[in-house]
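What follows is a single structure, written as structure tokens, with notes after it.
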Amino acid sequence: YCIMFPIILTVVGAPLIAEELKSGTMLTLISKPISRGGILITKYLALTCFGFLINIASLSLITLIAPLKYPFEGVAEFFVINLLFSLIVQFFFQSVAFSFSCLFKKTRNAILIPLLIIIITFFVLMTFRPLFMYMYLDDSEVPIYVQFQLFHIDLGYHLFNAYIGVMDIISGGISENMMYFLYMFGLYTQEFDPDTWETAFTRNDFYSPLGSLILLLSIAIGLIILGYFLFKKRDISR
């Protein structure tokens with residue numbers, strides 16, 4: 015869900031401005047008594063409402079199905095945690111898609127770059143991140159991931175670090191099963207004891223959950239502002 019949702023937002027959000035620039039309908043819009051800023055705000059709010067409806071519908075469906083396998087008492091907590099997290103994901107990725115829609119006139123370009131960011135975040139880094147966490151260069155005592163401070167630009171790490179913050183506030187902690195999942199996003203280091211056959215997880219506090227949230231919000235807001243000014247300065251003509 016956390017992978018498909020950004021893809022849906024990108025496919026829907028990226029063409030909002032770019033497609034109208036390409037087709038020429040944006041020229042008709044700006045000729046009416048409405049400011050360019052008003053056009054952007056209206057479209058961004060429409061994208062926000064669409065994303066929120068997708069959120070509610072998807073999580074409601076999962077919440078209805080989940081009690082068939084899991085205890086009902088944890089379903090409400092699950093719904094709240096994942097709703098708050100999905101709102102963070104929504105705000106970030108819809109802002110990325112919307113800003114690139116303002117930047118490019120071709121819809122293809124506006125979609126491809128945000129999709130590339132999603133692929134790197136959820137597929138490429140998720141595959142190679144555990145390797146970077148345990149690979150060392152020469153005589154270095156720290157792994158590549160820490161040596162080159164890749165966590166600064168690792169969006170997957172920051173997204174799920176914010177998720178941990180939400181879980182800490184609402185549920186009060188992280189289960190061991192969840193640690194296995196979060197390990198793939200660099201939140202935990204895994205250590206295996208061959209004598210006892212037990213696995214221990216150590217939290218990687220490169221950023222605090224609040225720090226990751228602030229970074230994500232700063233990037234999203236910065237991209238919105240950039241897209242706004244690029245659109246205001248753009249020469250719109252057929």
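To convert a position in the sequence shown, counted from 1, into this note's numbering, add 14. Glycine included, each C-beta is placed from N, C-alpha and C at the ideal position.
- Beta-bridge annotation (DSSP): Q204 is paired with F215.
- In the displayed model, G65 falls within a helix according to three-state DSSP.
- Exclusion of the five residues before and after Y202 leaves M193, L196, F215, T216, R217, N218 as the residues of its chain whose Cβ lies within less than 7 Å of its Cβ.
- Between the C-alpha atoms of C63 and L151 there is a straight-line separation of about 48 Å.
- The shortest CA-to-CA distance from Y177 to any of G27, N96, P47 is the one to N96.
- Annotated three-state conformation of C16 is coil, per DSSP.
- Between the region 92-107 and the region 16-25, the count of Cβ pairs shorter than 8 Å is three or higher; the stretches touch.
- Per DSSP, the continuous alpha helix (DSSP H) segment holding R122 begins and ends at 121-133.
- Shortest Cα-Cα distance from R248 to any of S185, L117, N175 involves L117.
- When the Cα atoms are used, L67 and F206 turn out to be separated by approximately 43 Å.
- Proximity to G236 across R50, Q108, T24 peaks at Q108, based on C-alpha coordinates.
- With the rule of 3 Cβ pairs closer than 8 Å, the region 122-141 counts as touching the region 23-32.
- DSSP places Y221 in no alpha helix (DSSP H); its state is neither H nor E.
- Going by C-alpha positions, F146 is about 53 Å away from S45.
- In terms of Cβ geometry, L98 and T135 do not form a close pair [threshold 8 Å].
- In this structure, L61 places its C-beta atom within 8 Å of the C-beta atom of L30.
- Straight through space, the alpha carbons of L82 and V94 are spaced by roughly 19 Å.
- Closest option to F243, judged by alpha-carbon separation, among S49, I70, S37: S49.
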